[in-house]
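Contents: one structure, followed by commentary.
Number of protein chains: 2
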Amino acid sequence: MTKVNVGKSVMEANAEQAATLRSEWQSRELTVLNLISSPGSGKTALLEQTLEHFRGKLQMAVLVGDVQTENDANRLARHGFPVKQIITNGTCHLEAHMIEKHLPFVDTKGLDLLMIENVGNLVCPSSYDLGEDAKVVLLSTTEGEDKPLKYPAIFRRAEVAILTKTDLLPYLDFDVSAVRHNIDQIHAGIPMFRVSARTGDGLDEWLTWVETKVARKKHPDFHQTVR
Amino acid sequence: MTKVNVGKSVMEANAEQAATLRSEWQSRELTVLNLISSPGSGKTALLEQTLEHFRGKLQMAVLVGDVQTENDANRLARHGFPVKQIITNGTCHLEAHMIEKHLPFVDTKGLDLLMIENVGNLVCPSSYDLGEDAKVVLLSTTEGEDKPLKYPAIFRRAEVAILTKTDLLPYLDFDVSAVRHNIDQIHAGIPMFRVSARTGDGLDEWLTWVETKVARKKHPDFHQTVR
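Sequence order for the protein chains is A and B.
The numbering of the first sequence is our numbering, which starts it at 580 and goes up by one.
The numbering of the second sequence is our numbering, which starts it at 580 and goes up by one.
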């Protein structure tokens, strides 16, 4: 059996690059959010609603990671903000050097919010710091209440959890209080917003959270109670 | 930037171990299926229905891969067949050496069918041969029609695709002919079964396919038309 232990050096290099990005974004007062979920949990749909909401209010840009295809970037570009696709060619997550390489697609001077849509995967992306202000984990109602226990790393590292596709709840055997309980087992008390990107239900809480995050980056003494 | 190229040796070692397993299973006329999907696509639910159906007809066992928790193994063990959980501790896929290590949980002599439920992930598990007869990819109706194009490797390597949660179709904007078209772009003509593990709808086709696979392993000249 071949045993190869290279985790540390790759992770160390990633951590260094992420620190550089974080420091640059700090100086520009740029908020960066890293969206992580399984394939098909609704990252792109949530981003579309978020872009629409902040049109004319915030300067935004999006980096989208995918193993293949530029479909998501094309879909997001319709909203009129700068969007760049990162095709990872088989790699199951984004790394800081990929962000650094593709970042010149937008002038970060004057940018308020950079959204990173990670590769659809609940495991790998959780280990890679991209210099973001917060990791945001999405879980759809169709995936089952047990997922926080089965994929604890991302729920531990995320600052907020979003339960998506709540419009399907009437047709599912999904117990919202059970998923809340399971998230609390891993990361007690983190906000969990219940949204339906299709009906718009529950988006307000998420949008207020994002707005507060951006305001705090510019004015660290800013206070607003997220409902 | 640290560049580390170790893919080949790890993959080579895996290929060798998979070949050893395949040869052993060949001599025992044991059929092995490797189920791969995103988290929450319904691998465990499909397995439960499959175990129930073949009770008293086939000797079966299940190996379940998960990053954390033994929930799936506990759920499956209720059906009375040997079940063993492999906890990968962060690794996003199963590898052949993990199968080899955990296999002694069951006497493969006299066993007809070993089901391997891989870690919930559409990317990583596609690269690792476990010595299986076939990879089976599951995609739920809630994940969107674009997934075969975004995660082509697993659809290329799978011998059959299963569209799960078809009971939710009336509540979704999901186009079954579009997903069929997208699968054909990647792997033209592979069978795609439409199932609902909840209602039992469409399970017959899948169960017939499994039965045929097992019969052919024992009698390579066996022929049965899968409906």
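The C-beta atom is built at its ideal place from N, Cα and C for all residues, glycine as well.
These numbers come from a predicted model, not from an experiment.
Tell me which residues of the region 608-631 of chain A have at least one Cβ-Cβ distance to chain B shorter than 7 Å, keeping chain order.
S617, P618, G619
Does the CB of B:Q647 have a neighbour CB from chain A at under 8 Å?
yes
Examine the ligand PLP and report whether any of its heavy atoms sits within less than 7 Å of the Cβ of A:A592.
As far as ligands go, the structure on display features none, and thus does not contain the ligand PLP.
CA-CA distance, A:T581 and B:M677?
Here A:T581 scores only 42 on pLDDT, less than 50, and its place in the model should not be relied on; the value that follows carries that caveat. Each residue's alpha carbon lies about 13 Å from the other.
Helix, strand or coil for B:I678, going by three-state DSSP, please let me know.
Of the three classes helix, strand and coil, the one that applies to B:I678 here is helix, per DSSP.
Which chain A residues sit within Cβ distance under 8 Å of B:N650?
D725, L728, K729
In chain B, which residues lie less than 8 Å from A:G669 when you measure between Cβ atoms?
V702, S706, A732
Can you tell me whether B:P704 is buried or exposed, with buried defined as 16 or more other CB within 10 angstroms of its CB?
buried
Collapsed DSSP secondary structure at A:F734 in the structure displayed:
helix
Below 8 Å on the Cβ atoms is my contact criterion, and I expect B:V774 with B:A740 to pass it. Report the Cβ-Cβ distance as a whole number of Å.
Incorrect: roughly 11 Å between the Cβ atoms, too far for contact.
Work out the CA separation of B:V698 and B:T648 for me, nearest whole Å.
12 Å
Ends of the alpha helix (DSSP H) at B:V758?
755-765
With burial defined as no fewer than 16 other Cβ atoms inside 10 Å of the residue's Cβ, what is the status of B:F801: buried or exposed?
exposed
Among all the DSSP beta bridges, which residues are the ones paired with A:D645?
Its beta-bridge partners are A:I666.
For B:T745, count neighbouring Cβ atoms within 10 angstroms of its own Cβ and tell me buried if that reaches 16, exposed if not.
Buried, by the Cβ-count rule.
Is B:L747 close to chain A? Criterion is C-beta to C-beta, closer than 8 Å.
yes
Buried versus exposed call for A:R806 [16 or more other C-beta atoms within 10 Å across all chains shown]:
Confidence at A:R806 is low in this model, with a pLDDT of 44, below 50, so the placement of that residue should be treated as unreliable; the coordinate-derived value is given next. Exposed.
Beta-ladder partner(s) of B:V789, from DSSP
Beta-bridge pairing links B:V789 to no other residue.
So within the region 685-712 of chain A, which uninterrupted beta strand (DSSP E) runs reach at least 3 residues, ignoring any that extend past its ends?
692-696
CB-CB under 8 Å to A:F772, same chain, minus the five flanking residues each way: which ones, in chain order?
V739, A740, I741, L742, G781, E784, W785, W788
Identified DSSP bridge partners for A:I615
A:V716
Helix, strand or coil, according to DSSP, for A:V774 in the structure here?
Three-state DSSP puts A:V774 in coil, outside helix and strand.
Contacts around A:P661, its chain only, beta-carbon distance under 7 Å, and the 5 residues preceding and following it disregarded
The answer, listed in chain order, is A640, F684, V685.
At the 8 Å Cβ level, is A:E722 part of the contact set with chain B, yes or no?
yes
Would you identify the three-state DSSP class for B:L742, choosing helix, strand or coil?
strand
Check whether chain B comes within 8 Å of A:K744, counting only Cβ atoms and requiring the distance to be less than that.
yes
Contact set between B:S719 and chain A, taken where Cβ atoms lie within less than 8 Å:
G619, T721
Which same chain residues, not among the five before or five after A:S706, have their C-beta less than 8 Å away from its C-beta?
Taken in chain order, the residues that qualify are M590, H672, A732.
For A:L612 versus A:E724, is the C-beta spacing smaller than 8 Å?
no
Go through its chain and collect everything with a Cβ distance to B:G768's Cβ below 7 Å, but skip five positions before and after it.
none
Classify A:D752: buried if its beta carbon has 16 or more other beta carbons within 10 angstroms, exposed otherwise.
exposed
Keeping to the same chain, check which residues put their C-beta closer than 6 Å to that of A:V758; ignore five residues upstream and five downstream.
E724
Scan the region 763-782 of chain A for residues whose Cβ lies nearer than 7 Å to a Cβ of chain B and list them as they occur along the chain.
none
Any beta carbon from chain B within less than 8 Å of A:A598's own beta carbon?
Chain B contact via Cβ: absent.
Would A:V646 pass as a contact of A:I665 if the rule is Cβ separation under 8 Å?
no
Under three-state DSSP, which class holds A:A594?
helix
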